[in-house]
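Heads up, the thing below is written out as structure tokens.
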């Protein structure tokens, strides 16, 4: 796990994801490993894999603002804006002191509004 975290910190997200996936297989109940794996998958571009990890993390730690934020980010990148807004709103409510949470929530809500408004000529 430590080597995976070091790789992640060094910007080697894909290599970190490989090591952290092994660590997660060895310790499937560790939410610390799961969070690191989620981050590594997101940073390496494996957004569907990140969403799955963040979903599992939010289920295991429902009061974890970062789990909901990561899930919301991942879902928004996957085009699932309605569900993304729900998780980003939870994260923002839990941690109103985190401006990046509110910023991303505003962006997702703006996208939802734009997609719901009728097209203009």
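Numbering (this note's numbering), first residue to last: 13 to 133. We treat Cβ as the ideally placed atom computed from N, Cα and C, and that holds for glycine. None of the values given here were measured: they were computed from a predicted structure.
Assigned secondary structure, residue i (DSSP; H/G/I helix, E/B strand, else coil)
i, result
"residue 60", "helix"
"residue 88", "helix"
"residue 109", "coil"
"residue 23", "coil"
"residue 50", "helix"
"residue 73", "coil"
"residue 41", "coil"
"residue 102", "helix"
Beta carbon of residue i nearer than 7 Å to that of residue j
i, j, result
"residue 136", "residue 96", "No answer is possible for residue 136: it lies beyond the span of the chain, which begins at 13 and ends at 133."
"residue 33", "residue 20", "no"
"residue 43", "residue 15", "no"
"residue 83", "residue 99", "yes"
"residue 46", "residue 69", "yes"
Beta-carbon separation (whole angstroms), residue i vs residue j, contact threshold 8 Å
i, j, result
"residue 116", "residue 77", "Wrong, their Cβ atoms sit about 12 Å apart, outside the cutoff."
"residue 79", "residue 66", "6 Å"
"residue 62", "residue 88", "So it is not a contact: roughly 12 Å between Cβ atoms."
"residue 103", "residue 113", "5 Å"
"residue 35", "residue 13", "5 Å"
Below-7 Å beta-carbon distance, residue i vs any chain D residue
i, result
"residue 38", "The chain labelled as chain D is not found in the depicted structure, where only one protein chain is given."
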